[in-house]
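For the sequence shown, our numbering assigns the number 11 to the initial residue and increments by one for each residue that follows. Built from N, CA and C at the ideal position, the CB exists for glycine as well. Encoded as structure tokens, the structure appears first; notes follow it.
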Amino acid sequence: MNPQPELLPAATRILPTLAGEFSTIVADPPWPIRMGGSKDGAPLNGFSTVDALPYPTLSLEELGAIELPAAENAHLYLWTINRFIVAAYTLANHWRFRPSTMLVWIKSPMGLGLGGPFATNTEFCLFCRRGNLPTKRRIDRTWFSWPRGRHSEKPEAFQSMVESISPGPYLEIFARRPRHGWSTYGNELKPLETRTDE
């Protein structure tokens with residue numbers, strides 16, 4: 011039995027009504043990953059079935075039904091993996107954002123990773139714009155080498171980078187942990203958490 015709360019039912023899978031709109035949103039969707047065993051029936055990369063994933067996934071249609079509480083001038087950081095890069099562009103456009111730049115997270119230590127003939131040691135984050143919200147500064151690269159954490163957990167250094175580039179207020183959906191100064195919404199958190207304590 012999974013002690014963690016489930017995501018909202020499919021018919022109501024939208025974010026709760028929030029006071030105000032957010033200038034910067036980070037989204038780490040639970041893409042509909044399918045994982046299975048190898049041909050001889052042995053577990054593949056530590057997972058034997060899709061049920062072994064530590065979180066429930068959403069279909070592309072369910073992700074598209076989410077309503078982002080974004081301001082008319084806003085930034086979106088949309089996490090994706092190799093097989094859903096095209097879907098990430100489609101989802102960003104559906105949410106009325108213009109895809110701008112693909113950022114690459116190089117995970118360290120490299121490790122085995124998931125994937126087929128090539129081990130997957132990278133993840134991608136699509137930076138998108140809505141309207142004309144200016145950035146706070148410019149960064150001289152699009153790839154970042156950050157240590158890996160728990161499965162699907164994103165580095166704290168990423169959020170620090172977001173704060174240095176994009177103005178608040180900040181929202182993270184499908185978050186794995188709360189963060190000071192952010193509103194967070196995710197399967198492992200309370201329905202909505204806004205952390206303002208140190």
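Quick one: what's residue i bridged to in DSSP?
{"i": "methionine 112", "result": "Leu136"}
{"i": "alanine 37", "result": "Leu88 and Ile183"}
{"i": "phenylalanine 32", "result": "Ala80"}
Helix, strand or coil, according to DSSP, for residue i in the structure here?
{"i": "glutamate 82", "result": "strand"}
{"i": "phenylalanine 8", "result": "In this structure the chain extends from 11 to 208, so residue 8 is not present and cannot be described."}
{"i": "alanine 102", "result": "helix"}
{"i": "leucine 88", "result": "strand"}
{"i": "proline 53", "result": "Confidence at proline 53 is low in this model, with a pLDDT of 42, below 50, so its placement is unreliable and the value that follows should be read with caution. In the structure shown, proline 53 sits in coil (DSSP, three-state: anything other than H, G, I, E or B)."}
{"i": "lysine 146", "result": "coil"}
{"i": "proline 67", "result": "Note on identity: in this sequence residue 67 is threonine, with proline being the wrong assignment. Three-state DSSP puts threonine 67 in coil, outside helix and strand."}
{"i": "valine 60", "result": "Because valine 60 carries a pLDDT of 41, less than 50, the predicted location of this residue cannot be relied on, and no value is offered for it."}
{"i": "proline 188", "result": "coil"}
Would you mind giving the Cβ-Cβ distance between residue i and residue j, rounded to the nearest angstrom? I have them listed as a contact below 8 Å.
{"i": "glutamate 72", "j": "arginine 140", "result": "That pair is no contact at about 22 Å."}
{"i": "proline 79", "j": "leucine 181", "result": "7 Å"}
{"i": "arginine 147", "j": "serine 174", "result": "6 Å"}
{"i": "threonine 132", "j": "tryptophan 115", "result": "6 Å"}
{"i": "threonine 67", "j": "isoleucine 95", "result": "Between isoleucine 95 and threonine 67 the Cβ distance is about 17 Å, and since that is not below 8 Å, they are no contact."}
{"i": "proline 188", "j": "phenylalanine 32", "result": "Actually they do not touch by this definition, with Cβ atoms about 16 Å apart."}
Of the residues the options, which one's Cα is nearest the Cα of residue i?
{"i": "leucine 136", "options": "Arg148, Trp153 and Ala80", "result": "Trp153"}
{"i": "serine 176", "options": "Ala98, Arg189 and Ala84", "result": "Ala84"}
{"i": "lysine 164", "options": "Arg151, Ser174 and Phe184", "result": "Phe184"}
{"i": "threonine 34", "options": "Pro157, Pro144, Ile149 and Trp156", "result": "Pro144"}
{"i": "isoleucine 149", "options": "Ile76, Phe32, Val172 and Pro66", "result": "Val172"}
{"i": "lysine 216", "options": "Pro109, Trp105, Thr130 and Ser110", "result": "An answer regarding residue 216 cannot be provided, because it is not within the stretch 11 to 208 covered by the chain."}
{"i": "threonine 111", "options": "His104, Leu88, Trp105 and Phe128", "result": "Leu88"}
{"i": "threonine 90", "options": "Asp38, Ser69, Arg106 and Phe107", "result": "Asp38"}
{"i": "asparagine 142", "options": "Phe107, Arg158, Phe168 and Asn92", "result": "Phe107"}
{"i": "leucine 113", "options": "Arg186, Thr194, Cys138 and Glu77", "result": "Cys138"}
{"i": "leucine 86", "options": "Gly191, Arg186, Ala98 and Gly196", "result": "Ala98"}
I'd like the span of the beta strand (DSSP E) that includes residue i, first residue to last.
{"i": "glutamate 182", "result": "180-183"}
{"i": "threonine 152", "result": "Threonine 152 -> no beta strand (DSSP E), and no H or E assigned at all."}
{"i": "tryptophan 192", "result": "192-195"}
{"i": "isoleucine 43", "result": "From DSSP, isoleucine 43 is part of no beta strand (DSSP E); its letter is neither H nor E."}
Let's see if you can read the secondary structure: which residues bound the alpha helix (DSSP H) around residue i?
{"i": "phenylalanine 168", "result": "166-175"}
{"i": "glutamate 71", "result": "70-74"}
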